[in-house]
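Student: Provided herewith is a single structure, encoded as structure tokens, for subsequent inquiry.
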């Protein structure tokens with residue numbers, strides 16, 4: 220019989236992170252872009268004080284532990300305060316992706332039973348469109364003062380954040396919750412069916428935030444200034460809003476201005492050292508820097524996730540600008556980052572191109588997480604870097620079941636990610652495709668992602684997408700969609716010849732379709748289902 | 220009603236750390252000094268393989284989950300393997316301090332009910348003296364191969380580690396334990412009464428090891444090489460044996476050779492970047508470096524704890540050698556480090572002397588821990604940097620009750636540390652004294668530690684200790700003990716005059732006693748009880 224340990228039983232709580240920051244890093248700065256433009260400066264002591272005011276305000280409005288509070292908001296200091304006030308008081312912080320279709324927004328606000336929705340003025344038209352369909356929402360609170368809160372025609376219960384919290388005291392006794400209590404809720408942007416909610420626990424978030432501070436993950440500390448471009452409305456902005464306070468890291472929040480020029484200005488003026496975002500954002504930033512002959516003197520590293528970072532972009536960051544790139548992987552179902560690429564000490568002595576290839580992979584698991592790849596029968600595949608199978612994940616911050624479902628989402632205790640991946644002998648994971656996007660051709664798999672990356676390496680190509688199309692002989696064959704860069708021209712045969720030098724011969728697409736644009740969904744991903752519906756017929760034999 | 224989170228429930232287990240290291244950092248190196256002299260090199264994959272072999276061997280010997288395994292051993296790779304094999308299989312790793320009195324060793328081995336004791340050959344004479352009094356121990360296993368295992372007269376059941384594990388397979392199914400299961404046991408070296416055991420849980424150790432990797436704590440990563448001089452027989456070597464594997468940090472274990480010359484040689488040849496130990500160790504190291512004109516090119520920082528680091532030593536490390544110093548605080552009851560000093564970005568722009576004073580403090584709490592100071596009635600004192608009171612601690616890795624007691628060790632949910640401390644507005648904690656050592660003079664407190672630090676700043680003084688002695692008018696007055704450096708002479712009045720320029724007038728000791736040596740106990744601390752017994756009479760009025 221194991222002996223029980225004799226240690227204190229203290230819960231891991233989000234309120235603990237806030238009070239830790241207030242007590243130890245009270246004068247650490249938070250710089251936040253207001254929705255109406257100017258920069259706002261405050262400290263962690265201010266954030267804690269105002270979060271307690273908001274907790275009092277929500278309580279007075281009749282919200283209770285278990286109540287849900289929605290947000291449709293940018294990364295800013297009021298959204299940050301809400302993260303702590305809502306979860307800290309045992310309520311559920313439901314972050315909504317404003318890029319969802321209004322019908323989906325209505326669905327998730329009602330499904331989550333949001334009683335209050337916080338929103339930024341940017342989204343007033345959105346609120347106007349959905350408010351009448353969300354009967355449970357008692358108040359729509361604009362994250363602004365009275366002067367910057369628009370009247371919304373037809374929506375009576377609009378309040379402003381500053382007037383809401385002003386009358387309330389700045390002390391609040393955070394409840395000592397069970398650490399498995401639900402703290403935050405985020406819905407997947409499912410391309411088919413209704414979005415599915417993931418209800419993160421306090422424990423999952425605190426564990427992820429702690430691991431995220433480790434030097435080989437984000438490396439947050441009192442010495443750094445972090446700029447999360449990853450949105451607070453999507454997988455908790457990689458838990459940076461928690462990890463920054465936990466570690467005392469100076470925090471810069473970009474608000475609505477995510478174009479290259481605005482981000483560059485913010486990074487430079489605030490001497491940002493670490494950032495995190497999706498490849499598109501970094502593309503815009505680099506274009507701005509190149510066009511204006513700018514450098515990144517304070518930046519140490521940029522962490523990227525959401526989709527694959529083009530190799531050329533990695534090379535520019537690392538070789539031209541001296542900014543380290545790390546590639547992360549996570550999904551709504553994994554709270555935040557689950558794996559992160561990194562250069563080991565020996566890797567750092569390798570040629571530049573090899574280093575780029577290493578950080579372009581999705582990397583090793585963060586401590587607290589385990590992964591494996593399995594074949595179609597669920598058998599574990601070898602960690603040889605070439606055996607592809609579905610990526611399975613388990614650990615401290617992985618979903619068990621979706622919100623308001625009573626059936627586990629797991630298979631034998633592991634969450635099936637729907638990603639096709641390989642793992643090598645050092646534990647380095649590489650995403651090869653989505654299970655639903657992978658192309659089965661003649662009994663073998665073709666990775667749509669690998670084909671897209673190969674196509675995008677062509678200097679005339681701006682965007683590329685590949686789907687599988689039924690084929691009488693090979694079961695499926697790849698069909699390539701290409702969006703050209705402005706002013707560029709390209710023949711079908713040219714791009715096929717280009718690909719033939721880069722991929723196996725039987726991977727070369729069956730056909731190419733040139734488009735003006737690709738359909739992109741709420742989280743910035745190409746909606747291949749739309750392409751399949753329109754172009755997914757049958758190839759001639 | 221709070222909503223339950225819907226995340227996986229995965230336990231935090233020590234076996235998880237081992238398999239994480241094997242899967243991701245399998246070829247990371249462990250360099251270990253053998254007890255008989257040479258360096259031994261292996262990898263985390265080897266450690267995992269051999270830990271599983273040991274787990275099989277212990278199981279075959281009849282040990283079960285809950286069984287205790289003792290160790291009397293240096294920091295070396297076999298001891299490391301045992302840390303994982305024993306705790307990983309649900310048994311209790313009971314690390315014994317070889318500097319305890321043999322009677323105390325017998326007491327703790329019997330009290331813990333150790334069924335096997337692992338020992339290094341250095342301690343063969345100790346084993347010979349105690350074995351007959353430890354009837355529950357089935358085997359005394361020397362951490363060596365057959366060639367380096369001494370026969371011990373009168374002890375029949377001596378085995379050697381290599382022959383013990385050799386026949387066993389290297390796969391082992393680690394049990395999926397509850398994370399609150401007891402994993403490791405360490406006894407305090409109480410100066411009065413019997414030692415008291417602290418039974419650490421898997422959760423406490425994994426949480427501490429994770430936080431210890433954070434950049435502002437130890438800052439462990441795949442980029443670093445860490446040398447724990449802090450012994451594995453005492454508060455888990457600050458959990459570095461866990462944190463190193465968790466983070467993939469290269470590990471250098473010094474075995475029995477802890478003198479300045481040996482440590483220097485190891486640090487230099489293995490390019491150590493981070494180290495941790497008590498001030499005495501660093502004193503020996505610096506003396507060796509100074510005498511031989513050596514530098515520390517690879518060292519980034521040294522972390523110190525156990526007792527106060529003299530300011531002169533801090534200055535040498537930081538200003539002469541460019542090695543950052545961090546001061547930690549913890550005790551047997553806190554698993555490992557609970558607070559750590561650090562220079563903030565603004566601190567780094569301050570004059571050198573101010574920086575030394577900052578890192579000489581015990582610092583801020585590590586995320587997962589809370590502290591407060593209370594007066595004699597238990598009321599919380601202000602965080603003003605001057606209000607002194609007993610330091611109370613609670614959090615993820617703090618004891619709740621001592622081993623085999625049924626009474627909580629807590630007061631209102633907090634562990635009373637017996638240390639007198641202040642906390643400032645930034646949360647920085649400074650240990651001022653032990654409650655039992657503080658001197659109550661005329662209704663005010665005099666810190667024996669502050670007086671000792673002031674005395675040790677005199678160039679002729681090698682060691683100093685202060686106790687309170689009864690006084691008819693003032694209740695207590697300080698009595699100073701001084702050990703001079705070799706070849707130095709000093710008059711009573713000289714040291715008193717020296718102190719009068721450094722402390723408040725009423726702090727100046729009533730008398731001075733010059734000694735050849737001070738009594739030092741098992742964990743390297745001066746045994747003030749012995750001084751009190753011999754010198755603690757009553758001062759004349």
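Residue numbers (this note's numbering), protein chains in the order written: chain A, 220 to 760; chain B, 220 to 760.
A virtual CB, placed ideally from N, CA and C, is assigned to each residue, including glycine.
Predicted model, so just to flag it, every value in this text is computed and none were measured.
Can you find the residues in the same chain that come closer than 6 Å, C-beta to C-beta, to residue 584 of chain B, ignoring five residues on each side of it along the sequence?
Tutor: Contacts found: 558 and 590.
Student: For the alpha helix (DSSP H) containing residue 425 of chain A, list its first residue and its last residue.
Tutor: Unbroken alpha helix (DSSP H) run through residue 425 of chain A: 421 to 431.
Student: Roughly how many angstroms separate the alpha carbons of residue 467 of chain A and residue 644 of chain B, rounded to a whole number?
Tutor: Looking at the two C-alpha atoms, the distance is approximately 15 Å.
Student: Roughly how many angstroms lie between the CA atoms of residue 719 of chain B and residue 610 of chain B, to the nearest whole one?
Tutor: Rounded to whole angstroms, residue 719 of chain B to residue 610 of chain B spans 29 Å at the Cα level.
Student: Using a Cβ distance threshold of 8 Å, determine whether the segment 413 to 427 of chain A contacts the segment 607 to 621 of chain A, with at least three qualifying pairs required.
Tutor: These segments touch.
Student: Going by the beta-carbon positions, is the gap between residue 508 of chain A and residue 483 of chain A smaller than 8 Å?
Tutor: Contact flag set, yes.
Student: Tell me the rounded alpha-carbon separation between residue 520 of chain A and residue 543 of chain A.
Tutor: If you take the alpha carbons of residue 520 of chain A and residue 543 of chain A, they lie about 4 Å apart.
Student: With DSSP as the reference, label residue 711 of chain A as helix, strand or coil.
Tutor: DSSP places residue 711 of chain A in helix when its eight states are reduced to three.
Student: Let me make sure I understand the geometry here. Which of A/592, A/472, A/649 and A/660 has the alpha-carbon closest to that of residue 634 of chain A?
Tutor: If we check each option's Cα against that of residue 634 of chain A, A/592 comes out closest.
Student: Residue 558 of chain B touches chain A at which residues, Cβ-Cβ below 9 Å?
Tutor: Going along chain A, no residue has its Cβ under 9 Å from residue 558 of chain B, so there is no contact; the nearest lies around 10 Å.
Student: What residues in the segment 606 to 621 of chain A have a beta carbon less than 8 Å from any beta carbon of chain B?
Tutor: Answer set for the segment 606 to 621 of chain A: 613, 614, 615, 616, 617, 618, 619, 620 and 621.
Student: Between residue 640 of chain B and residue 554 of chain B, how many whole angstroms is the CB-CB distance? I'm expecting something under 8 Å.
Tutor: Residue 640 of chain B to residue 554 of chain B, Cβ: 19 Å. No contact.
Student: Residues in the same chain with beta-carbon distance under 8 Å from residue 491 of chain A, minus the five sequence neighbours each way, listed in chain order, please.
Tutor: Same-chain partners within the cutoff: 444, 445, 446, 471, 485, 517 and 518.
Student: So for residue 570 of chain B, helix, strand or coil by DSSP?
Tutor: Of the three classes helix, strand and coil, the one that applies to residue 570 of chain B here is coil, per DSSP.
Student: Any C-beta of chain B sitting closer than 8 Å to the C-beta of residue 221 of chain A?
Tutor: Chain B contact via Cβ: present.
Student: For residue 288 of chain A, which option in A/696, A/360 and A/326 has the closest C-alpha, if you only look at C-alpha atoms?
Tutor: Checking every option, the nearest Cα to that of residue 288 of chain A belongs to A/360.
Student: So residue 648 of chain B is in the beta strand (DSSP E); what residue range does that whole segment cover?
Tutor: Taken as a continuous stretch (DSSP letters only), the beta strand (DSSP E) holding residue 648 of chain B covers 648 to 653.
Student: For residue 240 of chain B versus residue 464 of chain B, is the C-beta distance shorter than 8 Å?
Tutor: Yes.
Student: What does residue 239 of chain A touch in chain B if you count any residue whose Cβ is under 7 Å from its own?
Tutor: Within chain B, the residues near residue 239 of chain A are 586.
Student: Output the distance between the C-alpha atoms of residue 531 of chain B and residue 539 of chain B, rounded to the nearest integer angstrom.
Tutor: Spanning the two alpha carbons is a distance of roughly 11 Å.
Student: Quick one: is residue 312 of chain A buried, meaning 16 or more other Cβ sit within 10 Å of its Cβ, or exposed?
Tutor: By the 10 Å Cβ count, residue 312 of chain A comes out buried.
Student: So with Cβ pairs under 8 Å, would you call residue 519 of chain B a contact of chain A?
Tutor: No, because no Cβ of chain A sits closer than 8 Å to the Cβ of residue 519 of chain B.
Student: Listed in chain order, which residues of the segment 426 to 438 of chain A have Cβ atoms closer than 7 Å to some Cβ of chain B?
Tutor: Those would be 429, 430, 432, 433, 434, 435 and 438, in chain order.
Student: Please check the pair residue 382 of chain B and residue 370 of chain B, which I expect to be a contact at CB under 8 Å, by giving their CB distance rounded to whole angstroms.
Tutor: About 14 Å separates the two Cβ atoms, so there is no contact after all.
Student: For the alpha helix (DSSP H) that residue 503 of chain B lies in, which residues bound it at each end?
Tutor: It spans 498 to 511 - the alpha helix (DSSP H) in which residue 503 of chain B sits, taken as one unbroken run.
Student: Check for me: the alpha helix (DSSP H) holding residue 305 of chain A runs from which residue to which?
Tutor: Start and end: 296 to 307.
Student: Quick one: give me the first and last residue of the beta strand (DSSP E) that residue 623 of chain B is part of.
Tutor: Here residue 623 of chain B belongs to no beta strand (DSSP E), and DSSP marks it neither H nor E.
Student: Is it true that the segment 321 to 334 of chain A meets the segment 258 to 273 of chain A, where meeting means three or more beta-carbon pairs spaced less than 8 Å apart?
Tutor: With the cut-off at 8 Å, the segment 321 to 334 of chain A and the segment 258 to 273 of chain A do not touch.
Student: Within 10 Å of its beta-carbon, does residue 506 of chain A have 16 or more other beta-carbons around it, so buried, or fewer, so exposed?
Tutor: By the neighbour-count rule (16 or more Cβ atoms within 10 Å), residue 506 of chain A is not buried but exposed.
Student: Taking the C-alpha atoms as reference points, what is the distance between residue 248 of chain A and residue 396 of chain A?
Tutor: Spanning the two alpha carbons is a distance of roughly 29 Å.
Student: Residue 394 of chain A by DSSP, collapsed to three states: which one?
Tutor: Coil.
Student: Is the beta carbon of residue 175 of chain A less than 8 Å from the beta carbon of residue 334 of chain A?
Tutor: Residue 175 of chain A is absent from the model: chain A starts at 220 and stops at 760.
Student: Residue 268 of chain B: buried (16+ other C-beta within 10 angstroms of its C-beta) or exposed?
Tutor: With 16 or more other Cβ atoms within 10 Å, it is buried.
Student: Would you report the Cα separation of residue 350 of chain A and residue 375 of chain A, rounded to the nearest angstrom?
Tutor: Approximately 10 Å between the Cα atoms of the pair.
Student: Going by CA-CA distance only, name the one from B/449, B/567 and B/660 that's closest to residue 549 of chain B.
Tutor: Looking at the Cα atoms, B/449 is the closest of the given residues.
Student: Using a C-beta cutoff of 8 Å, does residue 307 of chain B count as contacting chain A?
Tutor: So no, residue 307 of chain B is outside the interface.
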